[in-house]
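Remember, the working numbering sits 6 above the position in the sequence shown when you count from 1.
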Amino acid sequence: MYLSQFGYLSPIIRNPSSGMLMSEETLARAVMEFQNFAGLNLTGHLDDDTLHMMTLPRCGVRDKVGFASDSRSKRYALQGSRWRVKDLTYKISKYPRVLGRHETDEVVRKAFQVWSDVTPLTFTAKKSGQVHIEIRFERGEHGDGDPFDGPGGTLAHAFFPVYGGDAHFDDAEKWTVNSYKGTNLFQVAAHEFGHSLGLSHSDERSALMAPFYRGYEPSFSLDSDDIEAIQAVTSVINSFKFISISGLHYWKLTEESIAEGYPKLISKSWIGLPGHIDAAFSYKNGKTYFFKGSKYWRYTGKTMDEGYPKDISEGFTGIPDNIDAALVWSGNGKIYFFKGSKFWKFDPSQKPPVKSTYPKPLSNWEGVPDNIDAALHYTNGYTYFFKGSQYWRFNDKTFSVDSADPPFPRNSGYWWFGCRSATKGSQVDLSSSSNGGDLASSSGDHEPSPSNQYYRWLIKSDHNTNQNQDVGDLILEAAKKRLS
Ligand SMILES: [Zn+2]
Ligand SMILES: [Zn+2]
Numbered sequence: 007m008y009l010s011q012f013g014y015l016s017p018i019i020r021n022p023s024s025g026m027l028m029s030e031e032t033l034a035r036a037v038m039e040f041q042n043f044a045g046l047n048l049t050g051h052l053d054d055d056t057l058h059m060m061t062l063p064r065c066g067v068r069d070k071v072g073f074a075s076d077s078r079s080k081r082y083a084l085q086g087s088r089w090r091v092k093d094l095t096y097k098i099s100k101y102p103r104v105l106g107r108h109e110t111d112e113v114v115r116k117a118f119q120v121w122s123d124v125t126p127l128t129f130t131a132k133k134s135g136q137v138h139i140e141i142r143f144e145r146g147e148h149g150d151g152d153p154f155d156g157p158g159g160t161l162a163h164a165f166f167p168v169y170g171g172d173a174h175f176d177d178a179e180k181w182t183v184n185s186y187k188g189t190n191l192f193q194v195a196a197h198e199f200g201h202s203l204g205l206s207h208s209d210e211r212s213a214l215m216a217p218f219y220r221g222y223e224p225s226f227s228l229d230s231d232d233i234e235a236i237q238a239v240t241s242v243i244n245s246f247k248f249i250s251i252s253g254l255h256y257w258k259l260t261e262e263s264i265a266e267g268y269p270k271l272i273s274k275s276w277i278g279l280p281g282h283i284d285a286a287f288s289y290k291n292g293k294t295y296f297f298k299g300s301k302y303w304r305y306t307g308k309t310m311d312e313g314y315p316k317d318i319s320e321g322f323t324g325i326p327d328n329i330d331a332a333l334v335w336s337g338n339g340k341i342y343f344f345k346g347s348k349f350w351k352f353d354p355s356q357k358p359p360v361k362s363t364y365p366k367p368l369s370n371w372e373g374v375p376d377n378i379d380a381a382l383h384y385t386n387g388y389t390y391f392f393k394g395s396q397y398w399r400f401n402d403k404t405f406s407v408d409s410a411d412p413p414f415p416r417n418s419g420y421w422w423f424g425c426r427s428a429t430k431g432s433q434v435d436l437s438s439s440s441n442g443g444d445l446a447s448s449s450g451d452h453e454p455s456p457s458n459q460y461y462r463w464l465i466k467s468d469h470n471t472n473q474n475q476d477v478g479d480l481i482l483e484a485a486k487k488r489l490s
């Protein structure tokens, strides 16, 4: 029946061998869950509205899969699996009866573009061979134990990444393009590909990932709910660091080196922010904080929050002005500030947030020099300190700078930026670079060489702290490969 088919009643309850008849209460609860998901009145009875909703054409994927982003409000849900790569391939291995091949190719391309427009993902069509996402138009039973039901009812279903990501469309539907007649293939395909990428159904009615087919919508656009969902899924791919080197510009680090089109002007990207920022970090509340002199600025994304800048003494009581660096320890959410030969721990949950035992000597961080330029904590258990053209990798477990080969400090130009011209080890002639203080001239035609620059701040834009690998590892791996 409908409620068990779409995940509102568990298979145990409908299993006749358990000898347990479904209680009225169980049924009423399931009906109410469905009503809640579908935005109906919560009567707990199979009333006319509810029965009507159950006749609407819809996606065949169950509604209650994975975890909702927030159980209190209506929002997206993630299934829990995701692709580990950002460049995905697909092929249509069985075309529909009622649409031409060329037309189908074009619709599918556009449906993928819906998602590539708001993520770092790319989708490439292939005619043959192995692909990530296989697309088929099928009728009735088609080999996966989830047969299609003819016209209406279930329109399509797709598998989450962990199950392969394939998308199947019921070929008994009259698939159409740009028409109020039939069933719009573009909308249904964009929805199904959301599943292929790891999204579950949203109980937000206006979302593309809502399970019910709403009819042809000539001016289609993703709901903000869908965008938040897919960006939550791709955040690990999306994770990158911004690094400011000259003070006026910032660079975006990708897995390999610096992203194309960088450096950019800080003041152009974070409107209202001055140049020569002292430090910056992203916090688990999704906000990014910038520090300069006696002030700090708070941003949501690239938009400054109202009422900023504020005084450091006001928002970060106990922390001095003109700090060198700041970092968030993602394990405990505490914020560490560094200045000269001292450091402070700021704990927002405590009163006062800075204990009277601070500041403490920076030499407590064994092997880390005074007067650092930037610091960054990774979820891999390492903290990186930058000074001049060098960096130190600090092991959070041993609480000392790692002994490694080559030893720390290492040259950050080589290890972080993939600058083959930079030396691998620690000896760098700070006066040898021809690149002056202004990096604007370095964009484009030659590899940036930060060797006589220093790092003002580093921020991570990835707020997802439960990932065990992040770009930091990838950069290091890439650097290792380069070395060997
Ligand atoms: Zn669906
Ligand atoms: Zn199927």
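We put the beta carbon where it would ideally sit given N, CA and C, even for glycine. No experiment lies behind these values; they were computed from the predicted model shown.
Could you check which residue in 233, 277 and 341 has the C-alpha nearest to that of residue 286?
Reading the sequence shown from its first residue, position 280 is the one you call residue 286. Cα-wise, what sits closest to residue 286 is 341.
What separation, rounded to the nearest whole angstrom, lies between the Cα atoms of residue 100 and residue 155?
The sequence position of residue 100 within the sequence shown is 94, counting from 1. The sequence position of residue 155 within the sequence shown is 149, counting from 1. One C-alpha to the other measures close to 18 Å.
Output needed for residue 158: all residues of its chain with C-beta closer than 7 Å, excluding positions within five of it in sequence on either side, in chain order.
By one-based count along the sequence shown, residue 158 stands at place 152. Within the same chain, Cβ atoms closer than 7 Å to the Cβ of residue 158 are found at 63, the five residues on either side in sequence being excluded.
Please name the residue, chosen from 168, 180, 169 and 172, that lies closest to residue 161 on a Cα-to-Cα basis.
The residue given as residue 161 occupies position 155 in the sequence shown. When only C-alpha atoms are compared, the closest one is 180.
Given residue 327, which residues of its chain have a CB within under 7 Å of its CB, disregarding the five upstream and five downstream residues?
Residue 327 sits at position 321 when you count from the first residue of the sequence shown. 299, 300 and 318, listed in sequence order.
Taking only the alpha-carbon atoms, compute the straight-line gap between residue 468 and residue 237 and give it to the nearest angstrom.
Residue 468 sits at position 462 when you count from the first residue of the sequence shown. Residue 237 sits at position 231 when you count from the first residue of the sequence shown. Low local confidence applies: a pLDDT of 40 at residue 468 is under 50, so the model's placement there is unreliable, and no value is given.
Which listed residue (81, 111 and 204) has its alpha carbon closest to that of residue 90
As a working note, residue 90 is residue 84 in the sequence shown. The candidate whose alpha carbon is nearest that of residue 90 is 204.
Could you tell me the alpha carbon to alpha carbon distance between residue 365 and residue 405, rounded to whole angstroms?
Locating residue 365 in the sequence shown gives position 359, counting from the first residue. Locating residue 405 in the sequence shown gives position 399, counting from the first residue. Their Cα atoms are separated by approximately 18 Å.
Run of the alpha helix (DSSP H) containing residue 272, from where it starts to where it stops:
The residue labelled residue 272 in the question sits at position 266 within the sequence shown. Note, residue 272: alpha helix (DSSP H), 272 to 275.
If we ignore side chains and look at the alpha-carbon of each, how far apart do residue 376 and residue 40 end up?
In the sequence shown, residue 376 corresponds to position 370, counting from 1. In the sequence shown, residue 40 corresponds to position 34, counting from 1. Cα atoms of residue 376 and residue 40: separation of roughly 60 Å, rounded to the nearest angstrom.
Name the residue from 206, 378, 191 and 137 whose alpha carbon lies nearest to the alpha carbon of residue 172.
Taking the sequence shown and counting its residues from 1, one reaches residue 172 at position 166. That would be 137, whose Cα lies nearest to the Cα of residue 172.
Of all the CB atoms in chain D, is at least one closer than 9 Å to the CB of residue 280?
No chain D appears in this structure, which consists of one protein chain only.
If we count the other Cβ atoms within 10 Å of its Cβ and call it buried at 16 or more, is residue 168 buried or exposed?
Taking the sequence shown and counting its residues from 1, one reaches residue 168 at position 162. By the neighbour-count rule (16 or more Cβ atoms within 10 Å), residue 168 is not buried but exposed.
By Cβ distance, which residues of its chain are closer than 6 Å to residue 427, with the 5 residues on each side in sequence left out?
Counted from its first residue, the sequence shown places residue 427 at position 421. Note that residue 427 scores 45 on pLDDT, short of 50, meaning its location in the model is unreliable and no value can be drawn from it.
In chain order, which continuous runs of the alpha helix (DSSP H) of length 4 or greater are located wholly inside the segment 283 to 329?
318 to 321
Delimiting residues of the alpha helix (DSSP H) encompassing residue 125:
If you number the sequence shown from 1, residue 125 lands on position 119. Per DSSP, residue 125 belongs to no alpha helix (DSSP H) and is neither H nor E.
Contact set for residue 178: own chain, Cβ-Cβ below 7 Å, skip 5 residues either direction
Taking the sequence shown and counting its residues from 1, the one referred to as residue 178 is at position 172. These residues qualify, in order along the chain: 145, 154, 156 and 157.
Could you compute how far the alpha carbon of residue 196 sits from the alpha carbon of residue 222?
Taking the first residue of the sequence shown as position 1, residue 196 is located at position 190. Taking the first residue of the sequence shown as position 1, residue 222 is located at position 216. Those two C-alpha atoms are separated by around 13 Å.
Counting only the same chain and skipping the five closest in sequence on each side, list residues whose C-beta sits under 6 Å from that of residue 304.
Here residue 304 corresponds to residue number 298 of the sequence shown, with the count starting at 1. If we look at residue 304 and ignore the five residues flanking it on each side, its Cβ neighbours are 293, 295, 311 and 314.
CB contact flag (residue 209, residue 53, <9 Å):
Position 203 of the sequence shown holds residue 209. Position 47 of the sequence shown holds residue 53. The answer is no: Cβ separation not under 9 Å.
Taking all protein chains shown into account, do 16 or more other C-beta atoms lie within 10 angstroms of the C-beta of residue 16, making it buried, or fewer, making it exposed?
The residue given as residue 16 occupies position 10 in the sequence shown. Flag for residue 16 reads exposed.
Would you list the one or two residues that DSSP bridges to residue 110?
Here residue 110 refers to the residue found at position 104 when the sequence shown is read from its first residue. Per DSSP, none; premise fails for residue 110.
Residue(s) in a DSSP beta bridge with residue 393
For the purposes of this step, residue 393 is taken as the residue at position 387 of the sequence shown. Answer is 396, bridged to residue 393.
Mind checking whether residue 142 and residue 175 have CB atoms under 9 Å apart?
Translated into the one-based positions of the sequence shown, residue 142 becomes position 136. Translated into the one-based positions of the sequence shown, residue 175 becomes position 169. In this structure, residue 175 lies closer than 9 Å to residue 142 by Cβ.
Which runs of the beta strand (DSSP E) fall wholly inside the segment 160 to 235 and span at least 3 residues, in chain order?
160 to 164 and 173 to 176, all fully within the segment 160 to 235.
Should residue 198 be counted as a contact of ligand 1 given a C-beta to heavy atom distance under 8 Å?
By one-based count along the sequence shown, residue 198 stands at place 192. Checking the Cβ of residue 198 against ligand 1 gives yes.
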